[in-house]
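Just below is one structure, and these are the notes that go with it.
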Amino acid sequence: MKTFLTQFFTWWNSQTLGTRLHTWRHGKEVGQDEAGNVYYEGGIDSEGRTRRWVIYRNYSEASAIPPGWHGWIHHRVDVAPPSDDYRPRDWQKPHLPNLTGTPAAYRPKGSLLTNQHRPQVTGDYDAWTPGS
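Residue numbering for the sequence shown follows UniProt numbering, starting at 1 and increasing by one per position.
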């Protein structure tokens with residue numbers, strides 16, 4: 001019952017009731033990533049391509065899609081990662097979640113949220129003034 005109410009009243013928690021019904025009627029499961037997100041395809045979009053979507057394991061967070069699945073869901077590649085033909089590129093790094101807004105977020109020197117001070121200006125910069 002809790003799952004039903006969560007899906008009925010929230011959009012950020014895995015999937016909505018409408019998405020569940022659409023997936024049940026039109027979706028064909030393509031695969032699952034290491035985070036537990038499940039990927040589907042089915043139907044045709046306005047550009048004539050097969051619709052592709054993801055049901056997140058937890059909260060709906062677009063940055064939780066690994067690089068291989070990102071390429072597939074955005075129609076950059078036709079081969080989904082669980083396929084035998086899929087090979088990740090040499091330059092692809094392992095997926096890291098978006099840390100913005102968390103204590104682990106990047107904060108450069110001089111940020112108000114750190115105790116570090118910004119390096120002193122070296123004097124090699126001259127501000128522009130009108131008429132000069």
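Glycine included, each C-beta is placed from N, C-alpha and C at the ideal position.
Sub-8 Å separation of residue i and residue j beta-carbons
i, j, result
"Ile73", "Arg52", "yes"
"Gly27", "Tyr40", "yes"
"Asp33", "Trp69", "yes"
Residue i to residue j span [Cα, whole Å]
i, j, result
"Pro119", "Pro108", "11 Å"
"residue 134", "Ala105", "Limits of the chain in this structure are 1 at one end and 132 at the other, which puts residue 134 out of reach."
"Pro67", "Ile55", "16 Å"
"Gly36", "Pro103", "24 Å"
Span of the beta strand (DSSP E), counted from its first residue to its last, around residue i
i, result
"Ile55", "50-55"
"Gly43", "38-44"
Start and end residues, alpha helix (DSSP H) containing residue i
i, result
"Gly18", "17-26"
For residue i, the residue or residues it bridges with in DSSP
i, result
"Gly31", "Tyr39"
Which full runs of the beta strand (DSSP E) of 3+ residues lie inside the region 49-107, going along the chain? Here the runs fully enclosed are 50-55.
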